[in-house]
């Protein structure tokens, strides 16, 4: 082979690499153009046009663009609240999830009980009720949380319970050999946890955490029931109802949620890359 | 590990106890607290034009005393909003608005989160158990309406129909034959006996479902002012029959408030009475509804 083309083995290797790179490029271009085509089809569905096929005709969805234009900015401002609630809540959730997962895996019966009780109680009750509880029930004990604060605590506790299982799976996925090697190096159990187990567990946990975060972005709209938080969906439903334009208003909200999701997906990809540095992974085209 | 965990648990318990102690107050009344604060926190449900809705281009009032997570009068519009502002003015304070869901407002036990509801709430026996009502500030007729294309034009046509109402509204209770405690002269008809009640989050979803072409129901029951606004906005609906009953709409104050509310209730009641006498309410009603709805129709 090598002799046939008259190339040196170095040249051959670099041409192979170049070919791989081009193949990857072409693949990405195809993905992007297909995305644009799908976006166009989606947009066309809301154009209000009438499609005729001989005698049959299909009406596409008609939107009041004037209403959308007039209220776009007002709904957009809600993004700040949505982002603030979601980020504060996911940080709280990660701390709670890690503590709860470690407690669940500890040798203390009380710690295991507290952790499983927490996960069971929170996963077994609706998020809506948890928000109302922190907002309207705690004042009877003299604890006054703001609407934002009650929402963050309820969302953080709720997602912490779900994510506790993610962290547990991540910690358990760290190989036994890693523990043994760390012990052989003379690490204390605390060092082992901090330097060996948690960094690797986090790497396993990042994709599912990203997933939870994206779900939380949308669940954050529940906090608006308190009456003190005016995020994207709240603004959209109020304007939609009083102007009889629910569909238009909700579509604007949907657009913002989608954009936020796209942004955070790309952030997640970056974090994922960072944590898997030095890891051999299966080669993929993106 | 075990020790750390116990420490963590202790920390949580300790912070809860501290928070509980920190919130203990003096023996102020609610009115004194409102005057000291300089603001009256009003709950309103901005789903309804012309009673209460948001102004997308509204500006937050300058030098407002309202907290950051409360809306100011500049960001809200409507009849209820103007009434709330006028009451606050008479108490010498600023009106600030919060917007919890309607069923949370009517459920009472507000946890001291807001001082008063000025949200077109009907006085009913059940609500009087948990809320104090002041003198009604206006009166609206409950009105059946139907999809224009349904052919339903009279009360007799309602038999056998599905009727849509907003959740936790008087319309839902009335259709389910719950005793609202309205005076007999306010009830203009008996609820139709064989209708199916469909409950949606607010009255506005009923009209919009019909406009969107859904056919689960063709009839809805809501305030006459809401039907007028639906028709004015071009929704394909018509009124069916005359008013079903008349509602006395009033401001409400939580009986479960941790402070003494008696002087506040009295002050708001006096303010509303004064606004009836000096014509403020009539003028606002004509401005927002085109008619004077502030006179009791049963008198």
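Chains as they are written, first to last, in the working numbering: chain D, -9 to 276; chain A, 1315 to 1613. Beta carbons: idealized from backbone N, C-alpha and C, even for Gly. As the structure is a computational prediction, the values presented were derived from the model and not from experiment.
Query, Result
"Kindly list, in the order they appear in chain D, the residues whose Cβ is closer than 8 Å to that of residue 1550 of chain A.", "Those within 8 Å of residue 1550 of chain A in chain D number zero; the least Cβ separation is about 11 Å."
"Could you tell me the distance, in whole angstroms, from the CA atom of residue 161 of chain D to the CA atom of residue 187 of chain D?", "6 Å"
"Please classify residue 42 of chain D: does DSSP put it in a helix, a strand, or coil?", "strand"
"Report, in whole angstroms, the separation of the C-beta atoms of residue 105 of chain D and residue 97 of chain D, which I expect to be a contact under 8 Å.", "At roughly 13 Å, the Cβ-Cβ gap does not stay under 8 Å, so residue 105 of chain D and residue 97 of chain D are not in contact."
"Quick one: grab the DSSP three-state call for residue 1423 of chain A.", "coil"
"Counting contacts by CB-CB distance shorter than 8 Å, is residue 1434 of chain A in contact with chain D?", "no"
"Using a cut-off of 9 Å between C-beta atoms, extract the partners of residue 85 of chain D located in chain A.", "Under the 9 Å cutoff, chain A gives no residues; its nearest Cβ is about 10 Å from residue 85 of chain D."
"Look up residue 1376 of chain A in the DSSP assignment and say whether it is helix, strand or coil.", "coil"
"Could you have a look at residue 49 of chain D and say whether DSSP puts it in helix, strand or coil?", "strand"
"Quick check: the segment 62 to 82 of chain D against the segment 220 to 236 of chain D, are there 3 or more CB pairs under 8 Å?", "yes"
"List the residues of chain B that residue 1480 of chain A touches, going by C-beta distances under 8 Å, in chain order.", "No chain B appears in this structure, whose protein chains are D and A."
"What residues in the segment 1411 to 1427 of chain A have a beta carbon less than 8 Å from any beta carbon of chain D?", "1412, 1413, 1414, 1415, 1418, 1423, 1424, 1425, 1426 and 1427"
"For residue 1338 of chain A and residue 1576 of chain A, I'd like the C-alpha separation in whole angstroms.", "Bear in mind that the predicted position of residue 1338 of chain A carries a pLDDT of just 46, short of 50, making it unreliable; the figure below should be weighed with that in mind. Going from the Cα of residue 1338 of chain A to the Cα of residue 1576 of chain A covers about 21 Å."
"Whole angstroms are fine: how far does the CA of residue 172 of chain D sit from the CA of residue 182 of chain D?", "6 Å"
"What residues in its chain sit with their C-beta under 7 Å from that of residue 198 of chain D, if we drop five residues either side in the sequence?", "156"
"Taking C-beta pairs closer than 9 Å, name the residues in chain D that residue 1518 of chain A reaches, listed in chain order.", "230, 231, 232, 234 and 236"
"What whole-angstrom Cβ distance do residue 1573 of chain A and residue 1342 of chain A have, given they're in contact under 8 Å?", "6 Å"
"Taking Cβ-Cβ distances shorter than 7 Å, what residues in chain D pair up with residue 1362 of chain A?", "232"
"Evaluate residue 142 of chain D with the Cβ neighbour count: other Cβ atoms within 10 Å of its Cβ, from every protein chain shown; 16 or more gives buried, anything less gives exposed.", "buried"
"Give me whichever residues DSSP pairs with residue 1408 of chain A in a beta bridge.", "A/1353"
"Compute the Euclidean distance between the alpha carbons of residue 1495 of chain A and residue 1611 of chain A, then round it to the nearest angstrom.", "17 Å"
"When the Cα atoms are used, what is the spatial distance from residue 1505 of chain A to residue 1608 of chain A?", "25 Å"
"Do we get a CB-CB distance below 8 Å when we pair residue 68 of chain D with the residues of chain A?", "no"
"For residue 251 of chain D, which of D/31, D/206 and D/28 has the nearest alpha-carbon?", "D/206"
"In terms of residue numbering, what span does the beta strand (DSSP E) encompassing residue 1534 of chain A cover?", "1533 to 1537"
"Using a Cβ-Cβ cutoff of less than 7 Å, which residues in the same chain neighbour residue 1407 of chain A once the five nearest sequence positions on both sides are dropped?", "1348, 1349, 1352, 1353 and 1354"
"So for residue 166 of chain D, helix, strand or coil by DSSP?", "helix"
"Return no unless some Cβ of chain D is closer than 8 Å to the Cβ of residue 1368 of chain A.", "yes"
"Can you tell me the Cβ-Cβ gap for residue 148 of chain D and residue 112 of chain D, rounded? I've got them flagged as a contact below 8 Å.", "6 Å"
"Under 8 Å between C-beta atoms, does residue 115 of chain D make it to chain A?", "no"
"Comparing alpha-carbon positions, which option in A/1380, A/1588, A/1434 and A/1417 lies nearest residue 1411 of chain A?", "A/1380"
"On the DSSP bridge list, what partners appear for residue 1526 of chain A?", "In the DSSP output, where bridge partners are listed per residue, residue 1526 of chain A has none listed."
"Taking 8 Å as the threshold (beta carbon to beta carbon), is residue 193 of chain D in contact with chain A?", "no"
"Would residue 1504 of chain A pass as an interface residue toward chain D - the criterion being a Cβ-Cβ separation below 8 Å?", "no"
"Is any beta-carbon of chain D found at less than 8 Å from that of residue 1522 of chain A?", "yes"
"If you compare alpha carbons, which of A/1383, A/1387, A/1382 and A/1456 is closest to residue 1367 of chain A?", "A/1387"
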